[in-house]
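Shown next, in structure tokens, is the structure this report addresses.
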């Protein structure tokens, strides 16, 4: 009898363990940030999800930004897709058109108090086709100029924010001060491209702001824009800054604005999290204007659920939780929102402890007036076709006109 009771007890314990396993769910979510501040915030949002789903945990998996889309593609192709992923704007069309993403619209619209209509329609354009919602933008972040105030002061120059307030922050002024900053700060640089990667993985991020300032675009409506007169002027100015003025960090060199080796860089508001460790006074200003006027560039990232995922229903619910008004307001300190109510609030303007309100107003204005970085379903192929032609451009003795024409010849078939 005792043996029988013992057997029953063991079986009951085994069933309890299986039941506990069945109820417990871990969602895997890929991100490209390793920032301690970002991950602390994300884990806090995941913990608050337990109020409704106590047995659900979320594991955030950091994949380096330079390899992110490629590694995510490999994971999906290998049957190891994450439940949820951050997705860059230039990759979204390819994943959407391949039928890999879940329609999360019904889940979002059914969530109590969610207010789907609060999302800016221009911000949703990339993530929605008709009633189908492939993703939700969690960051609609304009490109801004980060500047080292100490280096400007040493050179006796007005900083970009002051110049912008006077209407004098133009592409010509940008070139002029970059050269003066280089001369006044020996061994350092006037400017570096976004994340120091303008010659490889960030090619389009290097080209787009000046090309837009001149009134052009890198591509539009299926047509290459690099060889248009506006773009050619912008690219030649950049080339002169790299090789004649020697004010922009050149290929093969590392500037690293965040450690004080470059006076300016382009980045998004999320990078303000790194500035707490900066050993210098700094600020944020709009991109330089040009003959095309002010032309803010917006980078966007969305949250998506893979349709083949085993946990896709609860994953969609987590996205609804993560992008409700309360959590969007929490994330807005690093990731400018697409929710109109949050973007227009004093909480957004005053909510970033690192960035003064006057600078955050510039961020809000850029979101309201900017255009998103161009996307394309063949973005990986376009970038691969561009790479060797762009390499040929970034040489001191390059035939710039010929190199630009070769870029368009390479990418036009993909467009």
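Numbering (mature numbering (1 follows the signal peptide of the UniProt record, and there is no 0)), first residue to last: -22 to -1, 1 to 393. Just so it is clear, CB atoms sit at the ideal spot from N, CA and C, and this is done for glycine as well.
Using a C-beta cut-off of 8 angstroms, the region 109 to 120 makes contact with the region 274 to 291, since at least three inter-stretch Cβ pairs fall below that distance. The alpha-carbon of residue 335 is positioned some 5 angstroms away from that of residue 327. Contact annotation, residue 102 with residue 316: C-beta distance approximately 7 angstroms; criterion of less than 8 angstroms satisfied. The DSSP-derived three-state label of residue 168 is coil.
Taking 7 angstroms as the cut-off, the beta carbon of residue 389 is found closer than this to the beta carbon of residue 360. In the DSSP secondary-structure assignment, residue 292 is not bridged to any residue.
In the three-state scheme derived from DSSP, where H, G and I count as helix and E and B as strand, residue 232 is classed as coil. For residue 251, the three-state secondary structure derived from DSSP is helix. Residue pairing of residue 124 in beta bridges, as defined by DSSP: 243 and 262.
Considering only 113, 63, 204 and 348, the residue with the shortest C-alpha distance to residue 267 is 348.
In this structure, the alpha-carbon of residue 198 lies about 25 angstroms from that of residue 116. When C-alpha distances from residue 339 are compared across 247, 304 and 306, the shortest belongs to 247. With fewer than 16 other Cβ atoms inside 10 Å of its own Cβ, residue 222 counts as exposed. Here residue 133 is near residue 158, since their CB atoms are less than 7 angstroms apart.
As computed with DSSP, residue 19 is found in no beta bridge at all.
When the alpha-carbon of residue 142 is set against those of 376, 387, 261 and 21, the nearest one is in 261. Annotation: the continuous beta strand (DSSP E) that includes residue 8 extends over 3 to 9. Burial state of residue 237 is exposed, judged by a 10 Å Cβ sphere holding fewer than 16 other Cβ atoms.
The beta carbon of residue 258 sits closer than 6 angstroms to the beta carbons of 126, 128 and 238 from its chain, once the five residues preceding and following it are set aside; these are given in chain order. It is roughly 13 angstroms from the alpha-carbon of residue 75 to the alpha-carbon of residue 353. At a Cβ-Cβ threshold of 7 angstroms, residue 371 and residue 381 count as neighbours. Secondary structure of residue 180 (DSSP, three-state): coil. Around residue 92, the same chain offers 86, 298 and 302 as residues with beta carbons nearer than 7 angstroms, after the five sequence neighbours per side are excluded.
With a cut-off of 8 angstroms on Cβ pairs, the region 304 to 315 is in contact with the region 6 to 25, counting three or more such pairs. Taking a 10 Å sphere around the C-beta of residue 12, we find fewer than 16 other C-beta atoms and assign the residue as exposed. Straight-line spacing of the CA atoms in residue 271 and residue 150 works out to 13 angstroms. The C-alpha of residue 32 lies about 35 angstroms from the C-alpha of residue 68.
Between residue 282 and residue 172 a beta carbon distance of about 23 angstroms is seen, past the 8 angstroms cut, so the two are scored as non-contacting. Here DSSP, grouped into helix, strand and coil, assigns residue 287 to coil. In the three-state DSSP reduction, residue 85 falls in the helix class (H, G or I).
Residue 107 holds the alpha-carbon nearest to the alpha-carbon of residue 79 among 107, 94, 97 and 256. Around the beta carbon of residue 211, 16 or more other beta carbons sit within 10 angstroms, so the residue counts as buried. By alpha-carbon distance to residue 220, the top candidate from 15, 375 and 333 is 375. By the C-beta density criterion, residue 240 is buried, having at least 16 other C-beta atoms within 10 angstroms.
If you ignore the 5 residues before and after residue 4, its C-beta comes within less than 8 angstroms of the C-beta of 34, 35, 36 and 37, all in its own chain and listed in chain order. Burial is judged here by how many other beta carbons sit within 10 angstroms of a residue's own beta carbon; residue 264 has at least 16 and is buried.
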